[in-house]
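Taken in sequence, the protein lines are chains A and B. For the first sequence, our numbering assigns the number 12 to the initial residue and increments by one for each residue that follows. For the second sequence, our numbering assigns the number 15 to the initial residue and increments by one for each residue that follows. One structure is given below, encoded as structure tokens.
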Amino acid sequence: MRLLRLVGFLLIGLGLLLAPRWSWAQTQHVLSGLVRGTDGTALPGATVAVPALGLGTATEADGHYALSLPEGAQKITVSFVGYTSQSFTLSLRRNQTHNVLLAPNASELGEVVVQGQQTLQQKLESTQMGVEHLSIREAKLLPALFGEVDILKTLQLKPGVQSGGEGSSGLFVRGGSADQNLVLLDNSVVYNPNHLFGLFSVFNSDAVQSVDLYKAGFPAQFGGRLSSVIDVKLREGNRQKYVTTAGIGLISSRLSFEGPLGRHSDGQPAKGSFIVSGRRTYFDIFTRALNRANANVEDYSPIPDYYFYDLNLKANYTLTERDQLFLTGYLGRDNFGFTSPNGFQAAFTWGNTLGALRWQHVFSPRLTANTQVGVTDYKYQLGNSIDQFSFSLGSTIRDYNARTDFDYLPEGGRHVIRFGASFTQHQFGVGRLQRSSQDNSVNFGADVAYPGQEAGIYGSDNIKVSDDLQAELGLRATGFRSESDHFGGLEPRASLRYSLGPKVSLKGSYALMYQYVHLVSNSGASLPTDIWYPSRQNVHPQRSQQVSTGVNFLLGGGKFLLTDEVYYKWAANQIDFRDGAQIFANPNLSQEFLFGRGWAYGNELYLEKKEGKTTGWIGYTLAWAWRNFPPQNGNPGINGGRDFHPTYDRRHNLNVVVIHQLNERINLTASFVYTSGAPTTLPQGRFALQDIYQGAIQPVPLYPDRNQYRLIPYHRLDLGLVWKLKPVRFGTERDLTFSIYNAYNRRNAYFIYFEQTRDKATDRVTGYRAQQVSLFPLIPSVTYNFKF
Amino acid sequence: MRKLVIIGTLGGLGVLGAAGCGSLRKDVNVPLPQYDNQLVVECYLEPGVVPRLTVTESVPYLDNGQAVAAKSQALTLSNGQVVQLPTDVAVKLTLPSGRVVPLQFLPGLDPTTGKYFTHIGTQPLAAQAGQTFALDVQDTRSRHVTGTATVPTFIPIDSVKYQFNNLTGDNKKAYFQTKWTDPGATTDYYRLMLHKGKPSNNSETDNDINDLQFNGKPYAQVTTYRFRPNDTVTATLYHVDSLYYSFRRSTREARNANGNPFAQPSTIRSTVQGGVGVFTVLVHDQKRVVLK
Chain A
12 MRLLRLVGFL LIGLGLLLAP RWSWAQTQHV LSGLVRGTDG TALPGATVAV
62 PALGLGTATE ADGHYALSLP EGAQKITVSF VGYTSQSFTL SLRRNQTHNV
112 LLAPNASELG EVVVQGQQTL QQKLESTQMG VEHLSIREAK LLPALFGEVD
162 ILKTLQLKPG VQSGGEGSSG LFVRGGSADQ NLVLLDNSVV YNPNHLFGLF
212 SVFNSDAVQS VDLYKAGFPA QFGGRLSSVI DVKLREGNRQ KYVTTAGIGL
262 ISSRLSFEGP LGRHSDGQPA KGSFIVSGRR TYFDIFTRAL NRANANVEDY
312 SPIPDYYFYD LNLKANYTLT ERDQLFLTGY LGRDNFGFTS PNGFQAAFTW
362 GNTLGALRWQ HVFSPRLTAN TQVGVTDYKY QLGNSIDQFS FSLGSTIRDY
412 NARTDFDYLP EGGRHVIRFG ASFTQHQFGV GRLQRSSQDN SVNFGADVAY
462 PGQEAGIYGS DNIKVSDDLQ AELGLRATGF RSESDHFGGL EPRASLRYSL
512 GPKVSLKGSY ALMYQYVHLV SNSGASLPTD IWYPSRQNVH PQRSQQVSTG
562 VNFLLGGGKF LLTDEVYYKW AANQIDFRDG AQIFANPNLS QEFLFGRGWA
612 YGNELYLEKK EGKTTGWIGY TLAWAWRNFP PQNGNPGING GRDFHPTYDR
662 RHNLNVVVIH QLNERINLTA SFVYTSGAPT TLPQGRFALQ DIYQGAIQPV
712 PLYPDRNQYR LIPYHRLDLG LVWKLKPVRF GTERDLTFSI YNAYNRRNAY
762 FIYFEQTRDK ATDRVTGYRA QQVSLFPLIP SVTYNFKF
Chain B
15 MRKLVIIGTL GGLGVLGAAG CGSLRKDVNV PLPQYDNQLV VECYLEPGVV
65 PRLTVTESVP YLDNGQAVAA KSQALTLSNG QVVQLPTDVA VKLTLPSGRV
115 VPLQFLPGLD PTTGKYFTHI GTQPLAAQAG QTFALDVQDT RSRHVTGTAT
165 VPTFIPIDSV KYQFNNLTGD NKKAYFQTKW TDPGATTDYY RLMLHKGKPS
215 NNSETDNDIN DLQFNGKPYA QVTTYRFRPN DTVTATLYHV DSLYYSFRRS
265 TREARNANGN PFAQPSTIRS TVQGGVGVFT VLVHDQKRVV LK
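Next comes the structure, spelled out in structure tokens:
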């Protein structure tokens, strides 16, 4: 392992040695401004480029851009997906502000035309590696389970990202576990990004603009998780007119309303805008009807009510030319409810709530600041009652956070400097349990709660060393306190890009990350009842380091980008539970933990095409992930202290995604996934246990090894069609989206279990057999979307 | 409930999609790695009762009784299940006084509990709270299981209570409450079983409880509405040690993990060393009531 670390550092060092000529004497000025649509909506991720110089940048979430250019006349091109590109020439004599309004494409299919937001050329030249950008437009084209567009599931189609299993929106990035992803919604942390035990993510496709996934070379402004950053941006509302968007799907419906804030007129957008989006499932409507229909059927067990909903709000307002406010809100809940005819009631609710207010101030074209305050909260509550007795159990985590980030473009144009600070006040409600009765004969409870404060400061500099060599060097200093326990550390970050020519670049990166909050789960999957726990006492922060290197080729006249990245990641202070741990409302929970280490390595090959009628990508990943939990404090550890693969380890992973624009109205899509079988734990032996009283003697499974068996390889083909219907009166835009999930009806293994076989006539045991269970067969779906 | 909710919902979604698509379950061939059989010991001592224990062997999970080891024999139970019995096992029980009592290999059926046993003593045991027994089980194939067990203190049931709902006919059902007082000075573990009628066969409810939330306080365990008028309910409260509690939880978790994709399989935390199984002393209180 040390050898690999050494190789990683050597590669970075080699990049520095290759640094050639230092030539940057020309006078530089900053061109900055906003890129918006003609309806006034900000266009994040739009490209502002000077093709003649090979320079360019992408706009921020609010549409803001800043670009350092040599003095003189420069031809600038601004482009964005679904909008007509605009070119203009400016004579730069000083720092200058220039706002751009882009008109939507004339094509009625403008909304679903796919082209590169970030051009392949820019991707080739960027110092950032291990990053994937997805717009909701791409995700909306691809086939989806039950027709529910899910941007997190679309990310699973990228190399280096594994799903948690059939249908799951869980993400496991480069051998990291699900809680090691920093999931951000407009810079606010989302602690549980899942609905329905991971089958759907919390991100409503109507509200989301785009997502960036960082797998390596993490920019210094991000911290707090080991394995990835999932940066989700919400869409801004229309500044010109009020628009309603809706969709009716198989399991849920969506409704969004957006419009201007303040006065507006044709060609003159308002100073602000808002968008409110809601989504709700309707399983419960069907199950209630089913329960009513079977109310008089003997032995019928009523199906519990279940539904989830989420609400998104985003608003922005331009106070002055230099000041802008942004408001983000999210509320999502999953609800289970059950009432038996004889009076037993049970309920299970969980969900996230968050709100954030951001103020952007442009001090000068060279210096911009973003300051945000917010609150984020995740909780679950489980309870039941019978007659006078009631029982409840719950857990929460609530953060109050503030952060400020500065972007600075110094004179000379060789540097892009970012710096900032953040502070979070955590409240960990690790476990709250209450059991009581009205007559007070039973009344006890427990409330295990801890405070935590987390702070970080960072700085980074993206340096253009020469035309060929660019580096981003950063340092983040972080600290965490929970009562009398303190932890902290330095997190160096570095990324390098060296161009071997106009069509080939080499990249390398190194990142050290600390994670001070831990998701403790005693199940093999992420569940809403998992608990967030702070670093305190014997629970030390998780720490990871990753070295990554890669090569990029621009092929086919710039139409294709081929990327090959190799990574090695090692992590300390990984947490798992000892067998038989008591996790609910346990005041000594940390004594149930086991500590170990993890490491992962692999190679990701990625070919993508982002322009033209046929677009898509092919990704192949060869990877290994390992964990080790040695014997400790009298506990034998996990797997007897031997190395083992976590359940999300996959040796091979192939993804093929094709999007073809058949004509102006019809897009055809297909995605194919192949992965090696998931590791799983199966019993190897069994014994018969009679217990105190003789009864039905049940076999008890013996599991000597963790994850020693692999399920059969997983593969699946999904097909989709988006059919843009002709507009009807009042300019209503409509489309029908068809999806076929698992088109060739593959019986993928969800899990395997063992059971006794019995003689049907006598019910006598005749032997034992293994059964494989699949979750989803071929599932067709259709969604109707409209906008007016 | 959590597991039911998860499986039910996922199953429901699966069923929804599966309409007309055939079964989502099928037989598969699973080549399990080589497994070496272990001695399995099950021994519950009780004051005033002649000691009995059962020594069996664990077997590969998918073994259907085809490969019985030499010096072992296959015993087919009444339900058709086959259990492998080693016939070369010597068992010694060390009493609190230090006296070693051999238990004879004399397979039979306990007329009181209906349980099978392989080894039996000759005298009822005398046992006081705090005393420790030791067990030594050894066969001629170098397998050697040992264990110790300490007699728990007696914890009485304070009261039992039931309450019918307001419904009539088949829907008229009662919940049942068992109450006891936990001692504050110690960390305590319990097993509470409710039976309809005489305790035997399958219990109505069977709970393993620790005093983490109610140390030193009265505690009441309440069932759902599940008992009918005229049911005779027997509540049996065992005060057990942490090892037996841990063994019970591990066997339950191991069973639950077979068929639950969300569960993390648990290794069996035996109370004995050198093999698999349980050696413990049972002390219990019992109350019986007819629901009117």
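Where is the CB? At the ideal position from N, CA and C, for every residue including glycine.
Bridge partners - residue i, DSSP secondary structure assignment
| i | result |
| --- | --- |
| A:Ile677 | A:Trp734 |
| A:Pro81 | A:Gln39 |
| A:Gly499 | A:Gly490 |
| A:Glu744 | A:Lys798 |
| A:Thr768 | A:Gly778 |
| A:Glu619 | A:Leu572, A:Trp628 |
| B:Val64 | According to DSSP, which records beta bridges pairwise, B:Val64 is partnered with nothing at all. |
| B:Pro116 | B:Lys106 |
| A:Gly340 | A:Leu324, A:Gly366 |
| B:Pro74 | A:Gly696 |
| A:Tyr419 | A:Leu378, A:Ile428 |
| B:Val55 | B:Val69, B:Gly291 |
Residue-chain proximity (residue i, chain B), Cβ-Cβ < 8 Å
| i | result |
| --- | --- |
| A:Gln126 | Unreliable placement is indicated for A:Gln126, whose pLDDT of 40 sits below 50; the coordinate value is still reported in the next sentence. No, because no Cβ of chain B sits closer than 8 Å to the Cβ of A:Gln126. |
| A:Ala596 | yes |
| A:Gly209 | no |
| A:Ala699 | yes |
| A:Ser353 | Here residue 353 of chain A is Asn; the residue named in the question, Ser, does not match the sequence. It does; some Cβ of chain B falls within 8 Å. |
| A:Phe640 | no |
Integer Cβ distance of residue i from residue j, believed to fall under 8 Å
| i | j | result |
| --- | --- | --- |
| A:Leu633 | A:Asp575 | No, A:Leu633 and A:Asp575 are not in contact; Cβ-Cβ is about 11 Å, not under 8 Å. |
| A:Arg554 | A:Ala522 | Wrong, their Cβ atoms sit about 11 Å apart, outside the cutoff. |
| A:Asn106 | A:Arg377 | 7 Å |
| B:Thr93 | A:Val711 | Checking the sequence, you will find Asn at residue 93 of chain B rather than Thr. So it is not a contact: roughly 16 Å between Cβ atoms. |
| A:Asp660 | A:Trp635 | 7 Å |
| A:Ala342 | A:Asp321 | In the sequence under discussion, the amino acid at residue 342 of chain A is Leu, which differs from the Ala named in the question. Confirmed, Cβ separation roughly 7 Å. |
| A:Gly258 | A:Tyr795 | 7 Å |
| A:Val270 | A:Lys252 | In the sequence under discussion, the amino acid at residue 270 of chain A is Gly, which differs from the Val named in the question. Their Cβ separation, rounded to whole angstroms, is 7 Å, which keeps A:Gly270 and A:Lys252 in contact under 8 Å. |
Where residue i falls, given that 16 or more other Cβ within 10 Å makes a residue buried
| i | result |
| --- | --- |
| A:Lys580 | buried |
| A:Val739 | exposed |
| A:Thr692 | buried |
| A:His529 | buried |
| B:Thr237 | buried |
| B:Arg113 | exposed |
| B:Asp182 | Per the sequence presented here, residue 182 of chain B reads as Thr, with Asp not at that position. Exposed: under 16 other Cβ atoms inside 10 Å. |
| A:Gln548 | exposed |
| A:His663 | exposed |
| A:Lys737 | exposed |
C-beta neighbour in chain A for residue i, strict 8 Å
| i | result |
| --- | --- |
| B:Ser284 | no |
| B:Phe119 | no |
| B:Pro47 | yes |
| B:Pro275 | yes |
| B:Val290 | yes |
| B:Arg302 | no |
Under 8 Å between C-beta atoms of residue i and residue j
| i | j | result |
| --- | --- | --- |
| A:Val194 | A:Ser238 | no |
| B:Val292 | B:Tyr258 | yes |
| A:Gly431 | A:Gln232 | yes |
| A:Pro154 | A:Asp345 | no |
| A:Val46 | A:Gln85 | no |
| A:Gly234 | A:Ser284 | no |
| A:Gln672 | B:Pro74 | no |
| A:Leu168 | A:Asn666 | yes |
| A:Asp161 | A:Phe211 | yes |
| B:Trp194 | B:Leu123 | no |
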